[in-house]
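Sequence order for the protein chains is A and B.
Reminder that position 260 of the first sequence reads as 260 in the numbering used here, one-by-one numbering, no gaps.
Reminder that position 207 of the second sequence reads as 207 in the numbering used here, one-by-one numbering, no gaps.
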Amino acid sequence: MSAFLASGPNLGRGGIGAWLAGLSSAGKAGVLAIEVVVMLVIWQLVVGVFGWINPVFFPPPLAIAQGFGELVSSGVLAANLPISLQAWLIGFALAVVIGIPLGLLMGSVLPVDRVVGPIAWTIYATPSIAYQPLAKAWFGFGIGPVIFLVTISAVFPILLNIAAGMRTTNTSIIRAGRVYGANRMQLYRSVYLPSTVPFLFAGLRQAVVLATIGMVVAELSGSSSGMGAVIIRAANTYQTDQAFAAIAVVVVWSVGMTQVVTLVERWVAPWTRKGR
Amino acid sequence: MDEEGPLMTVTSATGTMRIVRPRRAIRAGEGKWTLLLIAVVLAILLIWEAAVSWLQLVPAAFLPPPTAVFASFLELLVRPDFWTAFWYSLQNLAIGLVLAIIVGVVVGLAVGWSAVLRFTVAPFLWLLYSTPKVALAPLFILVLGLGSESKIALVFLLAVFPIILNTMEGAVTVSTSLVNAGRVYGVNGIALGWKVIFPATLPYSLAGIQRGAALGFTGEVLGEFLGGTGGLGHMLEFAAYQFEMAEAIAMVIVMVIIANLTLGLISLLRKRLAPWYDDRKVAGVS
């Protein structure tokens with residue numbers, strides 16, 4: 001993040017921009033923290049104190065904190081969060097179990113790639129929400145369609161990234177491996193695998209975000225429990241503070257799981273860009 | 001989705017003579033694979049048909065055979081209410097997307113270019129980008145009602161962030177030497193933005209638009225699921241609710257076609273408007 005902030009062609013011409021870019025990473029984090037606090041204070045003032053925006057539609061931070069307290073104390077969170085997390089984890093695990101072997105197969109066998117690839121792309125290009133009514137009709141009302149939607153949202157980024165990683169392995173490294181007498185197994189083990197792992201984790205990170213969207217979509221329009229159902233119930237009864245609090249919980253989950261993937265990558269594959 | 005896009009097609013970054021011949025060779029090989037693909041798809045359809053209507057392993061009400069799906073697909077195409085729903089959805093999607101493109105490119109260029117804005121605004125944009133904003137859909141319907149407005153707003157909200165962030169990424173990666181060359185030739189201010197930064201950023205923006213279009217589609221359909229007064233999403237949900245599975249699957253196929261055509265159109269634009277860029281280098285934010 002800080003590397004991104006301090007790059008670009010328009011730097012070093014004096015002024016605040018140059019000063020900001022020249023800060024140490026601790027200084028940058030400090031500036032960002034101050035910004036977040038200022039933003040929250042402005043939000044609270046505009047909505048909560050001055051009332052320029054109807055707080056029902058856009059509740060101020062303190063009200064959202066209060067809504068979170070209500071969700072906890074009424075037991076709604078404790079009743080619904082585990083259901084969502086369960087559906088998410090099962091769906092994601094299924095996506096990993098299906099996606100990784102199929103991706104490896106696509107990457108190593110050309111006919112499989114040329115047949116499964118276009119079909120997977122066609123399904124992946126369509127937002128998974130389109131499959132939701134079918135899932136609801138087939139699996140009934142409840143956790144079934146949520147798991148289905150999480151899986152179908154998460155499987156394609158994993159699968160397609162692995163296949164792309166295998167296909168884009170640097171040919172000169174492969175040739176070098178052959179020159180040194182590596183057999184097929186050794187090539188896979190020490191050439192294809194290390195160069196595919198970054199793609200795998202990029203796919204997993206995309207999959208986390210898409211799986212969360214899939215979960216929320218499925219629960220919003222086809223489940224009586226789970227965080228999506230909490231959000232829609234709170235919104236329909238004009239308790240938007242609770243709705244925002246529930247959304248915040250989903251955001252924390254999504255960001256947290258992305259961090260978990262990055263941590264695992266750092267541990268398993270320290271040679272990649274994110275792993276460093 | 002952005003970075004792998006080109007892998008399914010033959011990349012032709014530059015139109016030099018060198019590239020032309022191997023491309024032909026690849027095309028010839030690709031034809032064989034297309035045949036194989038068609039054969040496999042036909043085989044799957046045949047097995048499906050056999051399992052449902054001849055062997056009756058699955059009840060046809062649950063999973064109608066492909067012939068029934070195809071029949072209801074044709075039936076849809078002559079139904080006037082389908083076309084009303086179709087244009088309703090597409091219109092909302094188009095309005096929302098156009099707004100998102102205008103706002104996204106302008107904001108993305110400004111934030112990507114100015115170091116101060118990048119510092120103050122970009123972190124919040126990243127935060128909003130990584131938020132599953134579909135969760136806001138019920139609130140939009142609460143505020144804007146059941147009509148087109150809530151859907152357009154939802155399309156805009158979901159589509160704008162990938163466009164902003166990709167444009168921003170593009171503006172940041174514009175080569176300094178291009179900018180300096182522009183300055184040497186006396187191009188400054190708005191002209192610099194229009195003549196140097198914007199074209200150099202275009203492929204990134206288009207990658208963002210591609211992603212934004214997919215998310216906008218999600219927004220439109222979700223809006224119709226939740227506050228159904230019209231549109232394809234409403235029709236699909238209604239068909240599934242009535243357990244008319246042949247019609248529901250046909251509707252899903254319609255959506256698959258729309259989504260893939262939209263993405264295809266944008267990749268075509270990408271090749272047309274920015275043929276000098278190697279797609280693979282434009283990784284973008286996904």
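By construction, the Cβ of each residue, glycine as well, lies at the ideal position given by its N, Cα and C atoms.
Annotated three-state conformation of Asn54 of chain A is coil, per DSSP. The beta carbon of Thr167 of chain B sits closer than 7 Å to those of Gly104, Val105, Gly108, Leu109, Gly112, Thr201, Tyr204, Ser205, Gly208, all from its chain and outside the five residues before and after it, given in chain order. Counting along the chain, no alpha helix (DSSP H) covers Thr272 of chain A, and no H or E run does either. By the criterion of a C-beta distance shorter than 7 Å, Ala120 of chain A is surrounded in its chain by Phe156, Leu159, Leu160, once the five residues flanking it on both sides are discounted. Put simply, of A:Val255, A:Thr237, A:Gly103 the residue whose alpha carbon is nearest the alpha carbon of Ala163 of chain A is A:Gly103.
Here DSSP, grouped into helix, strand and coil, assigns Ser190 of chain A to helix. Burial check for Ser89 of chain B: the Cβ neighbour count within 10 Å reaches 16 or more, so the residue is buried.
For Ala182 of chain A, the three-state secondary structure derived from DSSP is coil. Per DSSP, the continuous alpha helix (DSSP H) segment holding Tyr204 of chain B begins and ends at 198-226.
Counted as a single uninterrupted DSSP element, the alpha helix (DSSP H) harbouring Ile258 of chain B occupies residues 245-273. Assigned with DSSP and collapsed to three states, Phe86 of chain B falls in helix. Residue contact with chain B for Ser221 of chain A: present (Cβ-Cβ distance below 8 Å to some residue of chain B). Contacts between Glu237 of chain B and chain A, judged by CB atoms closer than 8 Å, involve Pro133, Ser221 in chain order. Secondary structure note for Gly222 of chain A: it is in no alpha helix (DSSP H), with a DSSP letter that is neither H nor E. Beta-carbon to beta-carbon, Ala235 of chain A and Ala245 of chain A are separated by about 12 Å, too far to satisfy the 8 Å threshold. Across the set A:Ser172, A:Pro133, A:Gln66, the C-alpha of A:Pro133 shows the shortest separation from the C-alpha of Ile249 of chain B. DSSP, read as helix, strand or coil, puts Arg79 of chain B in coil.
Residue-level contact check: Thr122 of chain A touches chain B, since one or more beta carbons of chain B fall below 8 Å from its beta carbon. For Thr201 of chain B, not one C-beta of chain A is nearer than 8 Å to its own C-beta. Judged by DSSP in its simplified three-state form, Gly145 of chain B adopts coil rather than helix or strand. Going by beta carbons, Leu268 of chain B and Ala213 of chain B fall outside the 8 Å limit. At a C-beta separation below 7 Å, Asn166 of chain B has no neighbours in chain A, since its nearest C-beta there lies roughly 13 Å away.
For Leu77 of chain A, none of the residues of chain B pass the 8 Å Cβ criterion, the least Cβ distance being about 15 Å. By the Cβ rule, the stretch 70-79 of chain B counts as touching the stretch 230-248 of chain B, because three or more pairs are nearer than 8 Å. Only exposed fits Trp19 of chain A, as fewer than 16 other CB atoms lie within 10 angstroms of its CB. No Cβ of chain A is located within less than 8 Å of the beta carbon of Ala68 of chain B.
In the displayed model, Pro198 of chain A falls within a helix according to three-state DSSP. When B:Leu36, B:Gly233, B:Val52, B:Leu165 are compared, the shortest CA-CA separation from Phe124 of chain B is found for B:Leu165. Take Ala171 of chain B, set aside five residues on each side of it, and the residues of its chain with a beta-carbon closer than 7 Å to its own are Gly108, Leu109, Gly112, Trp113, Ile197, Thr201, in chain order. In this model, Gly69 of chain A and Met227 of chain A are separated by some 15 Å (Cα to Cα). The three-state reading of DSSP puts Tyr238 of chain A in coil, since its state is none of H, G, I, E or B.
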